[in-house]
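Residue numbers (the numbering used here): 624 to 1020.
Note that CB positions come from ideal geometry on N, CA and C, so glycine has one too.
Computed from a predicted structure; not experimentally measured.
First the structure, in the form of structure tokens, and then the observations on it.
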């Protein structure tokens, strides 16, 4: 299992790799670009790197420290030929147990398997993919009563994290305040004032979806005014969590702390907000809120969460699929329209109230097909087994 690195050790590791001129690999889509660390500060890592990356784009970074594979995820701050500035990661992981990194949203990849005589198709949830479509329109006579139970659940559970909470939809208007405009532009959680706790107290999930002051330097004046405005009204903290549909922010969850509730929002509050926003977005879609979208069946289709060269992770409605641990299944992998047969084995299984999650290892796949999959996921110039040498590779999760 991967180990989380604390702040002091993380600083030491980066200083050592800088002095040793260790090679880092910056991964974006199928690009794997070598780089060396030039300097670090409290907010940024500065790399020597010939390739360029879009500003604000997300990247994964891999390197080795004293024989241990290390990784972190972060965002591009500035990129020019020869120089790359990345946001200082809050979380660094060591001793990965899998040989290949997982890919969250590969285009051109499809997976299906046989279950009780019928074929189950796996697809990535649309909300995690960028799809070029028109901005969704809402149905004017949408029946909000369909969501009444979910709304009531939100109001009750939100009391554990905030004095007050509500849902705001950009249905009849555009974002107005600086806070709304920032959330709509970035698609990430905004706290006013910014999160002031220790970075290593945030989970990876919260860390990747929470805006930091360094990301919003151009909005500093507007946000300072917002903080002054809060204090003048006797308010302490507010949090905005976007509700995403495809690549669009269609609204947000709003949390505020007043009165004696003076402590800032913690990582549990961020995670609750993100999970509720995701559930709320799907419920809107399922209940026909978006005019351009057909209503989804009563239960969610099976979702492919991520894939690597050695296995997949997916979820299913519990009532639709029930696979036992260590069951072997016949998988059909589609790579850009070419079908690849694979035998897989269920090695992980866990469930929530409505869905079951399965981790499946690939047991048998023809070598040419595995090479094709590696090329498609990681790029033709990828180094097989970069994370863990083949001789030392543990069975992937």
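Paired residues, beta bridge with residue i - DSSP
i: residue 683; result: 650 and 696
i: residue 874; result: 792 and 866
i: residue 735; result: 744 and 955
i: residue 832; result: DSSP lists no partner for residue 832.
i: residue 929; result: 936
i: residue 669; result: 662 and 708
i: residue 880; result: 860
i: residue 961; result: 958
i: residue 979; result: 939 and 974
i: residue 905; result: Paired residues: none, contrary to the question.
i: residue 703; result: 706
i: residue 787; result: 879
i: residue 816; result: Bridge partners of residue 816: none, in fact.
i: residue 630; result: Answer is none; residue 630 lacks a bridge partner.
i: residue 716; result: 627 and 694
i: residue 657; result: 648
i: residue 969; result: 983
i: residue 688; result: 691
Rounded Cβ spacing between residue i and residue j (contact assumed at less than 8 Å)
i: residue 801; j: residue 845; result: 4 Å
i: residue 832; j: residue 897; result: 6 Å
i: residue 944; j: residue 863; result: Going by Cβ atoms, the distance from residue 944 to residue 863 rounds to 36 Å, so no, they are not a contact pair.
i: residue 666; j: residue 837; result: 4 Å
i: residue 651; j: residue 686; result: Between residue 686 and residue 651 the Cβ distance is about 15 Å, and since that is not below 8 Å, they are no contact.
i: residue 711; j: residue 660; result: No, residue 711 and residue 660 are not in contact; Cβ-Cβ is about 12 Å, not under 8 Å.
i: residue 881; j: residue 857; result: 7 Å
i: residue 736; j: residue 930; result: The pair is not a contact, with the Cβ atoms about 13 Å apart (cut-off 8 Å).
i: residue 702; j: residue 676; result: 5 Å
i: residue 670; j: residue 688; result: With 8 Å as the limit, residue 670 and residue 688 do not qualify as a contact, their Cβ atoms being about 16 Å apart.
i: residue 860; j: residue 798; result: About 20 Å separates the two Cβ atoms, so there is no contact after all.
i: residue 839; j: residue 805; result: 7 Å
Residues of its chain near residue i, where Cβ-Cβ distance is below 6 Å and the 5 sequence neighbours each way are ignored
i: residue 681; result: 698
i: residue 980; result: 938 and 973
i: residue 649; result: 656, 658, 682 and 684
i: residue 774; result: none
i: residue 999; result: 958
i: residue 970; result: 982 and 984
i: residue 956; result: 734, 963 and 965
i: residue 992; result: 963
i: residue 674; result: 656
i: residue 662; result: 669
i: residue 641; result: 660
i: residue 738; result: 944
i: residue 792; result: 874
Residues near residue i in its chain [Cβ-Cβ closer than 8 Å; skip 5 each side]
i: residue 987; result: 965 and 966
i: residue 867; result: 750, 810, 873, 900, 901 and 904
i: residue 664; result: 711
i: residue 949; result: 968, 969 and 970
i: residue 1083; result: Outside the displayed span of the chain (624 to 1020) sits residue 1083, for which this structure offers no information.
Contacting residues, own chain, Cβ-Cβ under 7 Å from residue i (five flanking each side not counted)
i: residue 633; result: 715
i: residue 829; result: 890, 893 and 894
i: residue 827; result: 714
i: residue 704; result: 673 and 675
Minimum Cβ-Cβ distance from residue i to chain C less than 8 Å
i: residue 657; result: Of the chains in the structure shown, none is chain C; there is only one protein chain.
Quick one: any contact between the stretch 897–910 and the stretch 928–946, if contact means 3 or more CB pairs under 8 Å?
These segments do not touch.
I'd like to know if the stretch 873–881 and the stretch 783–794 are in contact, where contact means that at least 3 CB-CB pairs between them fall below 8 Å.
Yes, the stretch 873–881 is in contact with the stretch 783–794.
Is it true that the stretch 884–892 meets the stretch 851–858, where meeting means three or more beta-carbon pairs spaced less than 8 Å apart?
Touching, no, given that fewer than three Cβ pairs across the two stretches are closer than 8 Å.
Is the stretch 687–701 touching the stretch 733–744, taking contact as three or more C-beta pairs under 8 Å?
No: fewer than three Cβ pairs fall under 8 Å.
Does the stretch 631–641 come within contact of the stretch 671–685, defined as at least 3 CB pairs closer than 8 Å?
Result no; under three Cβ-Cβ pairs closer than 8 Å.
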